[in-house]
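Going line by line, the protein sequences match chains A and B.
FYI, in my numbering the residues of the first sequence are 256 to 638.
FYI, in my numbering the residues of the second sequence are 256 to 638.
Even glycine gets a Cβ: it sits at the ideal position worked out from N, Cα and C.
Remember, predicted model here, so these are calculated numbers, not experimental data.
For reference, the structure is listed below as structure tokens.
Number of protein chains: 2
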Amino acid sequence: MKNFSFKNPTKLIFGKGSIAQLTKEIPQDKRIMICFGGGSVKNNGVYDQVMNALSGHHIIEFWGIEPNPTYETLIEAVAQARNHSIDFLLAVGGGSVIDGTKFIAAAIPYANDPWEFVLDDSKITKTFPLAAILTLPATGSEMNGGSVISKLATKEKYAFHHPGVFPLFSILDPETCYSLPDYQIAAGIADTFVHILEQYLTTAGQSMVMDRFAEGLLLTLIELAPRLMENHQEYDDMANFMLTATMGLNGFISMGIKQDWATHMIGHEITALTGLTHGYSLAIVLPALMQVMREDKKSKLLQYAERIWNITDTNPETKINTAITKTNNFFRSLGIKTTLSENNIGEDVILEIVHRFQERNTVLGENRNITPDKVLNILNLCK
Amino acid sequence: MKNFSFKNPTKLIFGKGSIAQLTKEIPQDKRIMICFGGGSVKNNGVYDQVMNALSGHHIIEFWGIEPNPTYETLIEAVAQARNHSIDFLLAVGGGSVIDGTKFIAAAIPYANDPWEFVLDDSKITKTFPLAAILTLPATGSEMNGGSVISKLATKEKYAFHHPGVFPLFSILDPETCYSLPDYQIAAGIADTFVHILEQYLTTAGQSMVMDRFAEGLLLTLIELAPRLMENHQEYDDMANFMLTATMGLNGFISMGIKQDWATHMIGHEITALTGLTHGYSLAIVLPALMQVMREDKKSKLLQYAERIWNITDTNPETKINTAITKTNNFFRSLGIKTTLSENNIGEDVILEIVHRFQERNTVLGENRNITPDKVLNILNLCK
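The following block contains the structure:
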């Protein structure tokens, strides 16, 4: 086990009707900017619950943080927050709204162009307090210090991290997710599944506890997925999914271990270039990455095959093949098209991604040996 | 799943050589009282590492916090801390030293007799900052807001909880545990195992995630135990054990679920009356409690039998019997004597415990239906 340090200060407030607790959590004298996405919260009752809980507070609303939140939209929010002397940010929405709000929290006090700290988060020295109300389980942003921001102008998408952008608290009410469309549930399940594997599927024998926690989340997702796709309105199923998505990326399964994240880095490029939904891009890349990196990941792939998919075949190579097939089939069972061609993504995108990695001398993966050549092999398998 | 709120602010600093990080974690201007146990840290190098890391700080030392830390010892520490205007407490030792230090942290600013807040923790309004260096994996105190204190005068032992006594940080270096005697490793494994079951072994179907996390920790302990009992100096095994003990009682496995804790309440009485090591008292009580409460816990006992002990017997009652036997055998494999008589504890202790629960009208367990009569049944099975 590697040495590590772990701290997660976010207070998780979970359950039916818990949005009402906002009243207790935000001091009366705060000047709040509430950040929203496209408006679904006006149809599902969340907006009204938030406004009722915060009646009497000084509030301004910022609408329109999009999926894969953009620098271009967010700098407008930063300007408004500065103009109104905002001192508390509340994100209401999915991971994109929360990620966007984290950017705003770090950008308000930042003197230069905030894109600088997206590229180099060591430049962040101060952040404004933020909290979140999550309405879409997927990214884990509600309980971590990470954020992924896109820049339309250059079709770029990068993550930044800072301890100052952990939400002070996050409120998760599973009932707010009942109205989500199928494809968002599917993308959320895929995103969560891949988050867990980015942390789990590296080298065996690093941490028994982290392995068991990660495996527990994977088994939970696999058991839940068909029920969730059939019915979004079963409270306990949605509660278990929400909790799994949060635990999948809040540091609870990454203590003292190496992490991969190559699937995300490649997936981010696909989304930046084509606009494909984040979770879908991951479901395309992951099985191909497993195939190309199967020697590096052999011992862990075998553990994954046994403990997650109950594959008892005695031949290790067959075992790994079956595990990869089952992973791909799992994503397809969610209704996700797991090839680039099914998503109308062609050779040009593959070549541009490889070109970008070559230009930046990017090497990916837990052993930093996924070179642009290997990325090409991976993407060719995704066709 | 029940509604819940979760927050754990403790920073975990984990790994080889990590005591040196003390320098960065405690501000130079703090007046520190370091709280120690009986002196083993002078033999295993921990004392020297701590003093080196804190050289230049204003320090006073308080020695002699005993296993099952007593009110009588701790009020002396409180007096010294007040006299020296201490404003930071550092516990160096096992769970007892940390629990004792939590008491000191809450007692320094407390105007009346601090035993009051042990009996009613809602009386705590202020606490002093504390941190810990853990040298014995067992209680989880290094990453929670609980503390168990004994009073010699009345042979009482009670727990109190407060958000203000979470350690600011806890340093865990597995190498500091290499010199632990066998019986402390055994007691630590048993304590951890029972902590997990107090949270897990209630009603099935409350939380898939919490079930999987708890099961993961149990499977880890069962796999580790024989190796740890054989050899205390294998780094990764000790690291996995330390992490399991911390995760077993830091709230990570208790979100949104009912909890039992009857084994602890009964075990505390055994220890208060006889001085028996905490972990040993739990190993005696738990299998008997499983037997007496088998109808209430039936569905979860079956899940425990299947997922933890791989018992595939088709008869549910046989399955549960086997699971209870395996649990008892697990404790015995650690060298623990799991009957009262083997520990020279007689009928008088049983009757006094039942008498105490009757006097206080105590009812225990996740359904508050373990009456003093049932406690008598449980203790009779422990003979």
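Any idea which residues DSSP pairs residue i with across the strands?
{"i": "methionine 288 of chain A", "result": "A:Ile315 and A:Leu344"}
{"i": "lysine 552 of chain A", "result": "For lysine 552 of chain A, which the question treats as bridged, DSSP gives no partner whatsoever."}
{"i": "lysine 406 of chain A", "result": "A:Glu411"}
Pick helix, strand or coil for residue i, following the three-state DSSP scheme.
{"i": "alanine 387 of chain B", "result": "strand"}
{"i": "leucine 619 of chain A", "result": "strand"}
{"i": "asparagine 599 of chain B", "result": "coil"}
{"i": "phenylalanine 424 of chain B", "result": "strand"}
{"i": "glutamate 411 of chain B", "result": "strand"}
{"i": "histidine 416 of chain B", "result": "strand"}
{"i": "threonine 593 of chain B", "result": "coil"}
{"i": "proline 571 of chain A", "result": "helix"}
{"i": "threonine 431 of chain B", "result": "helix"}
{"i": "proline 324 of chain A", "result": "coil"}
{"i": "glycine 401 of chain A", "result": "strand"}
{"i": "lysine 357 of chain B", "result": "helix"}
{"i": "histidine 519 of chain B", "result": "helix"}
{"i": "phenylalanine 507 of chain A", "result": "coil"}
{"i": "isoleucine 525 of chain A", "result": "helix"}
{"i": "serine 273 of chain B", "result": "helix"}
{"i": "methionine 493 of chain A", "result": "helix"}
{"i": "isoleucine 281 of chain A", "result": "coil"}
{"i": "asparagine 624 of chain B", "result": "coil"}
{"i": "methionine 502 of chain A", "result": "helix"}
{"i": "histidine 224 of chain B", "result": "In this structure chain B extends from 256 to 638, so residue 224 of chain B is not present and cannot be described."}
{"i": "glycine 350 of chain B", "result": "helix"}
{"i": "glycine 558 of chain A", "result": "Residue identity differs from the one stated: residue 558 of chain A is glutamine in this sequence, not glycine. It is helical."}
{"i": "glutamine 514 of chain B", "result": "coil"}
{"i": "glutamine 613 of chain B", "result": "helix"}
{"i": "lysine 381 of chain B", "result": "coil"}
{"i": "alanine 332 of chain B", "result": "helix"}
{"i": "aspartate 375 of chain B", "result": "coil"}
My understanding is that residue i touches residue j, with C-beta atoms under 8 angstroms, so please give their C-beta distance in whole angstroms.
{"i": "threonine 417 of chain A", "j": "threonine 382 of chain A", "result": "Residue identity differs from the one stated: residue 417 of chain A is histidine in this sequence, not threonine. Sure, about 6 angstroms apart at Cβ, within 8 angstroms."}
{"i": "phenylalanine 496 of chain B", "j": "asparagine 258 of chain A", "result": "The pair is not a contact, with the Cβ atoms about 16 angstroms apart (cut-off 8 angstroms)."}
{"i": "alanine 308 of chain A", "j": "isoleucine 330 of chain A", "result": "Not really, about 29 angstroms apart at Cβ, beyond 8 angstroms."}
{"i": "isoleucine 512 of chain B", "j": "serine 462 of chain B", "result": "5 angstroms"}
{"i": "isoleucine 320 of chain A", "j": "threonine 328 of chain A", "result": "6 angstroms"}
{"i": "threonine 594 of chain B", "j": "lysine 629 of chain B", "result": "Contact flag wrong, Cβ pair sits at about 19 angstroms."}
{"i": "valine 604 of chain B", "j": "threonine 526 of chain B", "result": "Actually they do not touch by this definition, with Cβ atoms about 11 angstroms apart."}
{"i": "isoleucine 426 of chain B", "j": "isoleucine 388 of chain B", "result": "5 angstroms"}
{"i": "histidine 523 of chain A", "j": "lysine 412 of chain A", "result": "4 angstroms"}
How far does the alpha helix (DSSP H) with residue i in it extend, from its first residue to its last?
{"i": "proline 644 of chain B", "result": "With chain B running from 256 to 638 in the structure shown, residue 644 of chain B is simply not present."}
{"i": "serine 295 of chain A", "result": "295-298"}
{"i": "histidine 450 of chain B", "result": "437-455"}
{"i": "serine 536 of chain A", "result": "533-547"}
{"i": "isoleucine 477 of chain A", "result": "463-485"}
{"i": "asparagine 367 of chain A", "result": "From DSSP, asparagine 367 of chain A is part of no alpha helix (DSSP H); its letter is neither H nor E."}
{"i": "asparagine 565 of chain B", "result": "Run containing asparagine 565 of chain B: none; DSSP gives neither H nor E here."}
{"i": "asparagine 307 of chain A", "result": "301-308"}
Grab the span of the beta strand (DSSP E) containing residue i for me, first residue to last.
{"i": "lysine 262 of chain A", "result": "259-269"}
* **Validate contact between the segment 475-491 of chain B and the segment 586-606 of chain B using beta carbons, cut 8 angstroms, 3 pairs** => yes
* Asked: Would the segment 454-472 of chain B and the segment 331-338 of chain B be scored as touching if the rule is three or more Cβ pairs under 8 angstroms?
  -> no
* Is the segment 261-274 of chain B in contact with the segment 285-294 of chain B, if contact means three or more CB pairs nearer than 8 angstroms? -> no
* Asked: Is it true that the segment 350-357 of chain A meets the segment 432-439 of chain A, where meeting means three or more beta-carbon pairs spaced less than 8 angstroms apart?
  -> no
* Cβ contact check for the segment 437-446 of chain A and the segment 528-538 of chain A: 3 or more pairs under 8 angstroms -> yes
* Are the segment 392-406 of chain B and the segment 321-334 of chain B touching by the rule of at least three beta carbon pairs closer than 8 angstroms? -> yes
* Could you say if the segment 538-551 of chain A and the segment 619-626 of chain A meet the contact criterion of at least three C-beta pairs nearer than 8 angstroms? => yes
* Asked: Counting Cβ pairs closer than 8 angstroms, one from the segment 370-386 of chain B and one from the segment 340-354 of chain B, do we hit at least three?
  -> yes
* Asked: Quick one: any contact between the segment 423-431 of chain A and the segment 508-523 of chain A, if contact means 3 or more CB pairs under 8 angstroms?
  -> no
* Asked: Would you call the segment 567-585 of chain B and the segment 595-605 of chain B touching, i.e. three or more CB-CB distances under 8 angstroms?
  -> no
* To do: Inspect the CB distances between the segment 497-510 of chain B and the segment 442-456 of chain B and report whether three or more fall short of 8 angstroms.
  => yes
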